[in-house]
Amino acid sequence: MSIFKNRSNVISYTVNKEIGSNCYVSVDGGEVVVNAPWYFSRKQIQTVIEEKKQWILNKIEEYQQQNMVYSDKGNIIVLGASHQVRLYYKSVDAPSINLVNRTIEVVLPNKYKKIETAQVLKILVDKLYEKVAEQEVERAMEKTRLLLGYAPEDYEVKKMANNIMAHFSSEEQKISINYNIAKYDRNVIDYIVLHEFCHMKYKIHTKNFWKIIAKYMPSYERYENILKGLSY
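Quick note: the sequence shown uses the numbering used here, first residue 66, plus one each step.
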């Protein structure tokens, strides 16, 4: 089998040369493929493409309609890094969102094309933050437990007021953390969790409280500045 690529006006296609007597064209994933007998000339293949041109263009358009990509949905911050939001419309039943390298891939059903997507995107991004926060907080909780030798009876990651990043309940012995913590890098997340652990020993910010913080995180003032204005 041999393969070469060619272009017929607006149609790009790949040719597979193989043993056989039939020549046929297929469109898969928006790509045009011509399977032709080994003895077919380029001119003969070009003729086949011309004959099926309208059918090919219809198939390509159908694929593009089902897989529209929008790259102008801006950026959001996840774990301290900016990620481009790319929106795809596909033949799916429900919306989904995934973090792929430095890109946020949002997939919406085709039926969403005619409606305003801002609220849908917000809901999906919140779900992403919650998922990332749950993973990162679990990691930071275990790290801090091993570091200090103690832990709260329970913790939770949930939606909280925008200005509240975390809270320790001495009555319940439970740490609550805002899932928006997922916007910050891991060092900041580690600091917030350490901060709440220290509140298990000291309810208020006494000198001894800050001594523990400084012992395990000497550069804590940097994270204090990042979180300035937030409650935790």
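Where a beta carbon is used, it is the ideal one built from N, C-alpha and C, also for glycine.
Mapping DSSP to helix, strand and coil, what is residue i?
| i | result |
| --- | --- |
| Arg-151 | strand |
| His-232 | strand |
| Glu-181 | coil |
| Leu-295 | coil |
| Ala-146 | strand |
| Asn-175 | helix |
| Val-157 | coil |
| Ser-67 | Here Ser-67 scores only 39 on pLDDT, less than 50, and its place in the model should not be relied on; the value that follows carries that caveat. Residue state, collapsed to three classes: strand. |
| Asn-166 | coil |
| Tyr-135 | With a pLDDT of only 48 at Tyr-135, under 50, the local geometry of the prediction cannot be trusted, and the value read off the model is given with reservation. In this structure, Tyr-135 counts as strand in the three-state DSSP scheme. |
| Ile-76 | strand |
| Ile-141 | strand |
So, under 8 Å CB-CB, residue i and residue j are touching, yes? Tell me the CB distance rounded to an integer number of Å.
| i | j | result |
| --- | --- | --- |
| Tyr-194 | Met-206 | Incorrect: roughly 17 Å between the Cβ atoms, too far for contact. |
| Ser-86 | Pro-102 | 6 Å |
| Val-165 | Ala-198 | Actually they do not touch by this definition, with Cβ atoms about 18 Å apart. |
| Val-98 | Asn-81 | 6 Å |
Taking the CB atoms as reference points, tell me whether residue i and residue j lie closer together than 8 Å.
| i | j | result |
| --- | --- | --- |
| Gly-145 | Asp-250 | yes |
| Val-172 | Lys-155 | yes |
| Tyr-288 | Asn-252 | yes |
| Glu-115 | Asn-100 | no |
| Lys-108 | Ile-76 | no |
| Leu-211 | Phe-262 | no |
| Ile-278 | Tyr-285 | yes |
Going by alpha carbons, who is nearest to residue i out of the options?
| i | options | result |
| --- | --- | --- |
| Asn-245 | Thr-271, Leu-211, Glu-201 | Glu-201 |
| Ala-226 | Lys-280, Ile-257, Val-99, Tyr-297 | Tyr-297 |
| Asn-228 | Lys-293, His-148, Val-113 | Lys-293 |
| Ile-291 | Tyr-256, Asn-273, Lys-223 | Tyr-256 |
| Glu-170 | Ala-198, Ile-141, Tyr-215 | Ile-141 |
| Met-230 | Thr-271, Glu-237, Ala-247, Ala-216 | Ala-247 |
| Tyr-281 | Ile-269, His-260, Lys-272, Lys-266 | His-260 |
| Leu-168 | Ser-147, Glu-116, Pro-217, Lys-268 | Looking at the sequence itself, residue 168 is Thr, so the reference to Leu does not match. If we check each option's Cα against that of Thr-168, Ser-147 comes out closest. |
| Asp-191 | Leu-211, Ile-162, Ala-216 | Ile-162 |
| Lys-208 | Lys-224, Val-185, Ile-254, Ala-183 | Ile-254 |
| Lys-268 | Ile-121, Phe-233, Ile-278 | Phe-233 |
| Asp-93 | His-264, Tyr-128, Thr-112 | Tyr-128 |
| His-264 | Tyr-285, Pro-217, Thr-182, Val-157 | Pro-217 |
Minimum length 3: unbroken beta strand (DSSP E) runs contained in the region 214-293 = Taking 3 residues as the shortest admissible run, the region 214-293 contains the following complete beta strand (DSSP E) segments, listed from N- to C-terminal end: 219-223, 231-234, 239-243.
Quick one: complete beta strand (DSSP E) runs, 3+ long, within the region 79-116?
-> 89-93, 96-102
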